[in-house]
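S.K.:
Residue numbers (my numbering): 2 to 319.
What follows is the structure in C-alpha cells.
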C-alpha cells in the first residue's frame, strides 16, 4: 500500500519544552497505525500538527489522499475523536448523530441508515431516542465513535478510543475499528491499552520526550529490541540440562523437574534450531513458549529511554 502520510524531521517547541523532536515516520493507506507513549511524550502535539491545528517549527508533513497532496489531513477527509469529547447531553442519541452527520454534509436518509447500522453493532439501537445524558460513560463513548465516521472519512484519528470502556465494550471497539479498515479507511489511534493495540495495529510508533523510540510492526520492534523467548520442554524421560550440549546458544536453563526444563533464549530466532538439536538426543513430549508481549516491551523500552534522557540531561547540566 502507498504512504498516505509521511512525516519527515518534524519538530515543535513550546517555550522551553521541545514537544516533538526531529520525528520521522509514515502511515500506509488502509492500515491501523498506533501512536504509543506515556503522558507528555508528544503524541497530542503531533496530532495537532497532523490535523492542521498547529504547524511544525521544522520538518515536513505530507498527506496524499486520492492523488491530492496536502500539508495536513484535510478536514473533509478526517474522522476525529479528540481527547476532549463533545456531545450534547440534552439531545437524544439520534439527534446528536444526525447533527454531526449534517455538519459533514451527509444526506439525512443516508445518515439515518448508517446510524441504525452502527447503533445495532454497538447494541444501542434501542437507545436511539433517549437523551445522551441517560447513557453510561462507556455508551456515550460509543456514540462519539460513531459520530466520527458517519461521513465515511478517508482517515480516522482516534485519541484513546478505549477510554472508559469495560472489556466487553473494548472488544466491540476492536470489531468497529476492524470494520473501518475493511471499508478502506486508514485508522490512526492513540491508546494506553497495550493488549488492544497488539491485537489491532499493523504498525506502531512508540514516542518518548518527543522522539521516536521504536517504529514498525510488532515483529520488527521485537527484533530491534532483541526480545527473547522462554520455552518449557517436557521430555519423555529424565533429562538434566547440564548433560545437553547447548554451548552454541545464548540460553539460560532451569530444571523444573526430572523431565521438564525451562530454556530462556535471548534470541528468539534460534528457537527452531534449539528444538531440532534437543530432539536429536531425546524425545520431546510437550513444548510451551512464551514471549514478551507489547505491554512488557513498552515498559522495558520506556524505562530504558527515560534512563538515557536523564543521563543526557545530567551530563548537560554538569
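Ideal Cβ placement from N, Cα and C applies to all residues, glycine included. Keep in mind that this is a model prediction, so the values were computed, not measured.
If we cut at 8 angstroms on Cβ distances, does residue 51 have a partner in chain D?
M.R.: The chain labelled as chain D is not found in the depicted structure, where only one protein chain is given.
S.K.: Please tell me whether residue 47 and residue 29 are closer than 8 angstroms, where the distance is taken between their beta carbons.
M.R.: No, Cβ-Cβ distance for residue 47 and residue 29 is not below 8 angstroms.
S.K.: Any contact of the stretch 77-97 with the stretch 15-34, i.e. 3+ C-beta pairs under 8 angstroms?
M.R.: No, they do not touch.
S.K.: Consult DSSP for residue 74 and reduce its assignment to one of helix, strand or coil.
M.R.: Residue 74: coil per DSSP, three-state reduction.
S.K.: Counting only runs that start and end within the stretch 187-239, where is the beta strand (DSSP E) found for 3 or more residues in a row?
M.R.: Those beta strand (DSSP E) runs which fall completely within the stretch 187-239 and span 3+ residues are 187-191, 204-209, 212-217, 230-236.
S.K.: Using only alpha-carbon positions, find the residue among 279, 70, 214 that is nearest to residue 240.
M.R.: Here the closest residue by C-alpha is 279.
S.K.: State the CB to CB distance for the pair residue 153 and residue 187, rounded to an integer number of angstroms; the pair is presumed to be in contact (CB under 8 angstroms).
M.R.: Not a contact, Cβ separation roughly 12 angstroms.
S.K.: Suppose the cutoff is 8 angstroms on Cβ atoms and the five residues either side in sequence are ignored; what does the same chain contact list for residue 325 look like?
M.R.: Any property of residue 325 remains undetermined from this structure, which presents the chain solely from 2 to 319.
S.K.: Does the distance from the CB of residue 199 to the CB of residue 231 come in under 8 angstroms?
M.R.: Not in contact: residue 199 and residue 231 (Cβ atoms no closer than 8 angstroms).
S.K.: Please check the pair residue 157 and residue 136, which I expect to be a contact at CB under 8 angstroms, by giving their CB distance rounded to whole angstroms.
M.R.: Actually they do not touch by this definition, with Cβ atoms about 22 angstroms apart.
S.K.: Taking the CB atoms as reference points, tell me whether residue 221 and residue 250 lie closer together than 8 angstroms.
M.R.: Contact flag unset, no.
S.K.: Could you check the C-alpha separation between residue 290 and residue 233 for me, to the nearest Å?
M.R.: Those two C-alpha atoms are separated by around 6 angstroms.
S.K.: DSSP state of residue 121, grouped into three classes?
M.R.: Three-state DSSP puts residue 121 in a helix.
S.K.: For the stretch 117-180, list the beta strand (DSSP E) runs that are entirely contained and at least 3 residues long, ordered along the chain.
M.R.: Here the runs fully enclosed are 156-160.
S.K.: So is residue 258 buried or exposed if we call it buried at 16+ other beta carbons inside 10 Å?
M.R.: Exposed, since its Cβ has fewer than 16 Cβ neighbours within 10 Å.
S.K.: Per DSSP, what are the beta-bridge partners of residue 289 in this structure?
M.R.: In the DSSP output, where bridge partners are listed per residue, residue 289 has 233.
S.K.: Short check: CB of residue 62 to CB of residue 8, under 8 angstroms?
M.R.: Yes.
S.K.: List, from N- to C-terminal side, the beta strand (DSSP E) runs of 3 residues or more that fit wholly inside the stretch 19-85.
M.R.: Listed in chain order, they are 33-37, 59-66, 69-71, 79-82.
S.K.: Rounded to whole angstroms, what's the CA-CA distance from residue 281 to residue 292? Just pull it up for me.
M.R.: Between residue 281 and residue 292, the C-alpha separation is close to 25 angstroms.
S.K.: From the DSSP secondary-structure annotation, give me the bridge partner or partners of residue 107.
M.R.: Residue 107 pairs with nothing; no bridge assigned.
S.K.: Nearest CA to the CA of residue 166: which residue from 179, 183, 146?
M.R.: Here the closest residue by C-alpha is 146.
S.K.: Looking only at its own chain, which residues have a Cβ that is under 6 angstroms from the Cβ of residue 23, when we skip the five neighbours before and after it?
M.R.: Excluding residues within five positions, the ones whose Cβ falls inside 6 angstroms are 10, 12.
S.K.: According to DSSP, what are the bridge partners of residue 266?
M.R.: Beta-bridge pairing links residue 266 to 230, 252.
S.K.: Can you list, in chain order, the residues of its chain with a C-beta nearer than 6 angstroms to that of residue 14? Leave out the 5 residues immediately preceding and following it.
M.R.: Excluding positions up to five away in sequence, the list reads 58.
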